[in-house]
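First the structure, in the form of structure tokens, and then the observations on it.
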């Protein structure tokens, strides 16, 4: 059973952040940290330890692709599972995210069971 998960949500939409938080609260022992843009997300991701990171693609200051690339190049965050949650459903965007090293790609609108299922799949052994 999953316990004591620390999740980072990097998403500029407060509504989408709240949806992800709602889904994660269904898993016992989850702590959530929020960031509203890529720069804040990178700062938080590299100053704390996270078990999983949710990233939007279209964000101000630093987009999700740039954030993912930087997280994968940074040794402490290089292996942390990254889940993309975005309105961008184009095959090219999905392929780019995969090449950058994401673990899952969800298109908006997402539902709480999808998020819970992804977390269980990626962190089931934690």
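Numbering (the working numbering), first residue to last: 23 to 148.
Just so you know, even glycine gets a beta-carbon here, dropped at the ideal spot from N, CA and C.
N- and C-terminal bounds of the alpha helix (DSSP H) containing residue i
i, result
"residue 113", "113-122"
"residue 43", "36-46"
"residue 88", "86-95"
"residue 69", "60-69"
Residues near residue i in its chain [Cβ-Cβ closer than 7 Å; skip 5 each side]
i, result
"residue 23", "With a pLDDT of 47 at residue 23, under the threshold of 50, the modelled position of that residue is not reliable, and no figure is offered here."
Euclidean distance between Cα positions of residue i and residue j
i, j, result
"residue 216", "residue 104", "Because residue 216 is not part of the residues shown, which for the chain are 23 to 148, the question remains open."
"residue 148", "residue 141", "Bear in mind that a pLDDT of 46 at residue 148, under 50, signals an unreliable position, so the model cannot answer this."
"residue 124", "residue 80", "16 Å"
"residue 112", "residue 74", "24 Å"
Beta-bridge pairing of residue i - partner residues as DSSP gives them
i, result
"residue 28", "53"
"residue 139", "Its beta-bridge partners do not exist; DSSP assigns none."
"residue 76", "31 and 105"
Residue j beta carbon less than 8 Å from that of residue i
i, j, result
"residue 132", "residue 106", "no"
"residue 127", "residue 119", "yes"
"residue 91", "residue 122", "yes"
"residue 46", "residue 60", "no"
Own chain residues within Cβ distance below 6 Å of residue i, not counting five before or after
i, result
"residue 31", "39, 42, 56 and 76"
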